[in-house]
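Have a look at the structure below before the remarks.
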Amino acid sequence: MRTLNLGILAHVDAGKTSLTERLLYAAGVIDEIGSVDDGSTQTDSLALERQRGITIKSAVVSFVIGDVTVNLIDTPGHPDFIAEVERVLSVLDGAVLVISAVEGVQAQTRVLMRTLQRLRIPTLLFVNKIDRRGAQDEALLRAIAEKLTPAIVAMGSARDLGTRDAAFAPFGPADDAFAARLAEVLADQDDAFLAAYVHDETAVSYRRLRGELAAQTGRALAHPVFFGSAITGAGVDALTSGIVELLPAASRGEPGDPVSGTVFKVERGPAGEKIAYVRMFSGTVRVRDRLRSGGGTRDKEGGTRDKEKVTALSVFDRGADVQRSSVAAGQIGKLWGLADIQIGDPIGEPRQSPGRHHFAPPTLETVVVPASPAELGALRVALAQLAEQDPLIDLRQDDLRQEISVSLYGEVQKEVIQATLATDFGLKVAFRETTTICVERPIGTGAAAEFNGKAPNPFLATVGLRVEPAPIGTGVRYRLAVSPGALPLAFHKAVEDTVRETLNQGLYGWQVTDCTVIMTHSGYSPRQSHSHAIFDKSMSSTGADFRHLTPLVLMNALRQAGTSVHEPMHRFTLEVPADTIGTVLPELARLRAVPRTPAMRGASCLVEGDIPAARVHELHQQLPALTRGEGVLESAFDRYQPVSGAVPARPRTDHNPLDRKEYLLHVMRRV
14 MRTLNLGILA HVDAGKTSLT ERLLYAAGVI DEIGSVDDGS TQTDSLALER
64 QRGITIKSAV VSFVIGDVTV NLIDTPGHPD FIAEVERVLS VLDGAVLVIS
114 AVEGVQAQTR VLMRTLQRLR IPTLLFVNKI DRRGAQDEAL LRAIAEKLTP
164 AIVAMGSARD LGTRDAAFAP FGPADDAFAA RLAEVLADQD DAFLAAYVHD
214 ETAVSYRRLR GELAAQTGRA LAHPVFFGSA ITGAGVDALT SGIVELLPAA
264 SRGEPGDPVS GTVFKVERGP AGEKIAYVRM FSGTVRVRDR LRSGGGTRDK
314 EGGTRDKEKV TALSVFDRGA DVQRSSVAAG QIGKLWGLAD IQIGDPIGEP
364 RQSPGRHHFA PPTLETVVVP ASPAELGALR VALAQLAEQD PLIDLRQDDL
414 RQEISVSLYG EVQKEVIQAT LATDFGLKVA FRETTTICVE RPIGTGAAAE
464 FNGKAPNPFL ATVGLRVEPA PIGTGVRYRL AVSPGALPLA FHKAVEDTVR
514 ETLNQGLYGW QVTDCTVIMT HSGYSPRQSH SHAIFDKSMS STGADFRHLT
564 PLVLMNALRQ AGTSVHEPMH RFTLEVPADT IGTVLPELAR LRAVPRTPAM
614 RGASCLVEGD IPAARVHELH QQLPALTRGE GVLESAFDRY QPVSGAVPAR
664 PRTDHNPLDR KEYLLHVMRR V
């Protein structure tokens, strides 16, 4: 039996969870269709999801269509939870992108489609809610072709739009207009098919057209469009047939292939144990196998940790996860026993992939404040567990101020974190004002060094570092200009790890990125002791010496290089009634937006431009009043741009490495 790992994606409220329910019902997995409004859906199992009527965590459920086992992954639609979607994309064989027939192509729809195309994920489009008043078909197809992709093929026609009798009739071999449109789209994407079609149209049979459509859909070149209603079930049978016919199943590989998989979700069981969701790409993992995952495999001294044993596993089967003795290539399984596992870790052989984010990182952060100062320790533990499930939360701890900060995509995510802490951990918390996350980049080159045994260096270590600017988007690079054998491996590892940790706070307190750090000097005191005595660490270098000295040297080098602060910028598209543009443009100027020349589109005016991420929320709030509720705003992170005017300083965490006395006092307290 073939396996298809299928993602359901959409803008929030387009109806993807309702579509998931309908697919499960049609496959016989559930006896009754759940309701998002009533909180009775299969995949929205969290209490918070049921209360809010939105998907927060991705969920996996399995069903069978003919000879295909479909592992369906329902993902969040709200942009605040885009990180959940990102983790799912790496394990999909295909996707269904749900679009509302009433609201049409929305901001998140465009973001998702661009990403699916960039990753070459085969995608079907399902236009939902054709039974709702205001539903569109031809106009929406034109909008999809204009805003998402021109390579679309309507797979049937909708009738009685906006009524409970709305239905979808698939096209067949007798529909000449459909065959002509299909041939046109396929010829645009494949020169060989174009040549055959031009040579003799009659030689290209309807069967060959369908076969070529499946081939081009599998290569993410063509995108079939289905219409229907998840509530009434209209068009869902046609979509189900399209999923089986047009989307490629997972490759099963050979039984003897090397084990290779990816962890895309981590959760905690009733006893607090970690459970890893793994998509297998090749090989087979069995209970009692010993695995080494990609994360947490080395300790702080550079030593390799032991492999961990899989104590139990399950696979998804007909609506439930069932205990099994193994999980094979193409399947999704849950593994127990891997205590050090993290989201994004490879299982076995890593796949060849770019290893970068598909979506923009979070650009907001806030300080989490416990109701009682005595609960700060419990809050740290709870947030650390949440960060296991969502690595982009990115905790920052300030030991001096006794504060914890978290990264965010938006205000809804903040509310969810607050509710989760109260429900799952019994912790009441408040949040400080949300601020924008900036970054720092070196302006020039700087170098510094401190030598073992020479004042004012109090540590038994020699460290010299040079900081240089690097191309935008390259992150932090670290390399050696000294012989690798000049230091024990553990000391090299201590310096590199500390360099990356220290660069989380630059001269203004923001993370430093797009730079190269080069180790220019190194030295240490070999392991020794007094005569007939045990090891004396006061005479011998340890990893701690290098970890404590590196921040002093690095920050001195960074101060010499200088840094500039860059704020996140969004690219926006704003569609407003033409007669309101005179009111909208001054507001954009006040918010420091830089609009391009407006373009007229009938009674509407389209404005594109750039706006600081910190001002996007305010623009969303002001827009209804400025445009009589008719304005539509789409925005997405585009780049970081140098801050003009006063440079925003970020509160430092842990210590101020520029203040040598404060830093050394802090180190001595920790020791």
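If you're matching positions, the sequence shown starts at 14 in the numbering used here and goes up one per residue.
Glycine included, every Cβ here is placed at the ideal spot set by N, Cα and C.
Alpha-carbon spacing of residue i relative to residue j, whole angstroms
i	j	result
residue 237	residue 126	13 Å
residue 131	residue 123	12 Å
residue 505	residue 303	29 Å
residue 566	residue 461	6 Å
residue 253	residue 79	10 Å
residue 588	residue 26	21 Å
residue 177	residue 162	30 Å
residue 345	residue 86	10 Å
residue 21	residue 148	21 Å
residue 572	residue 355	35 Å
residue 144	residue 576	57 Å
residue 439	residue 601	43 Å
residue 524	residue 673	20 Å
residue 690	residue 652	Residue 690 cannot be examined here, being either before or after the span of the chain that is shown, 14 to 684.
residue 481	residue 555	28 Å
residue 371	residue 128	Annotation note: pLDDT 49 at residue 371 (below 50); position unreliable, coordinate value reported separately. About 7 Å.
residue 643	residue 245	30 Å
residue 324	residue 279	16 Å
residue 331	residue 281	23 Å
residue 518	residue 463	21 Å
residue 184	residue 46	28 Å
residue 263	residue 342	8 Å
Residue span of the beta strand (DSSP E) that contains residue i, given as start and end
i	result
residue 568	Premise fails: residue 568 lies in the alpha helix (DSSP H), 556-574, not in any beta strand (DSSP E).
residue 334	333-337
residue 275	273-281
residue 287	287-295
residue 613	612-614
residue 411	409-411
residue 108	107-113
residue 416	416-421
residue 471	Careful: residue 471 lies outside any beta strand (DSSP E) and carries neither H nor E.
Extent of the continuous alpha helix (DSSP H) to which residue i belongs
i	result
residue 514	502-515
residue 425	424-438
residue 189	189-202
residue 157	151-160
residue 140	Element bounds for residue 140: not the alpha helix (DSSP H) but the beta strand (DSSP E), 136-141.
residue 621	Note, residue 621: premise wrong, no alpha helix (DSSP H); beta strand (DSSP E) at 617-625.
residue 122	120-131
residue 300	Residue 300 -> no alpha helix (DSSP H), and no H or E assigned at all.
Reduced DSSP secondary structure (H/G/I, E/B, other) of residue i
i	result
residue 25	coil
residue 382	strand
residue 231	helix
residue 452	strand
residue 518	coil
residue 352	coil
residue 249	helix
residue 527	coil
residue 402	helix
residue 31	helix
residue 538	coil
residue 186	coil
residue 590	strand
residue 176	coil
residue 656	coil
Burial state of residue i (16 or more Cβ within 10 Å)
i	result
residue 320	exposed
residue 14	exposed
residue 24	buried
residue 479	buried
residue 336	exposed
residue 119	buried
residue 430	buried
residue 232	exposed
residue 291	buried
residue 211	exposed
residue 418	buried
residue 83	buried
residue 7	There is simply no residue 7 to check, as the chain begins at 14 and stops at 684 in what is shown.
Check: residue i C-beta below 7 Å from any heavy atom of the ligand NAP
i	result
residue 300	In the structure on display, the ligand NAP does not appear, and there are no ligands present to speak of.
Three or more beta-carbon pairs under 8 Å between the segment 438-454 and the segment 465-479, yes or no? In short, these stretches do not touch, since the Cβ pair count stays below three.
Contact between the segment 496-511 and the segment 526-541 (3+ Cβ pairs under 8 Å): By the Cβ criterion, the segment 496-511 is in contact with the segment 526-541, since at least three pairs of Cβ atoms, one from each stretch, lie closer than 8 Å.
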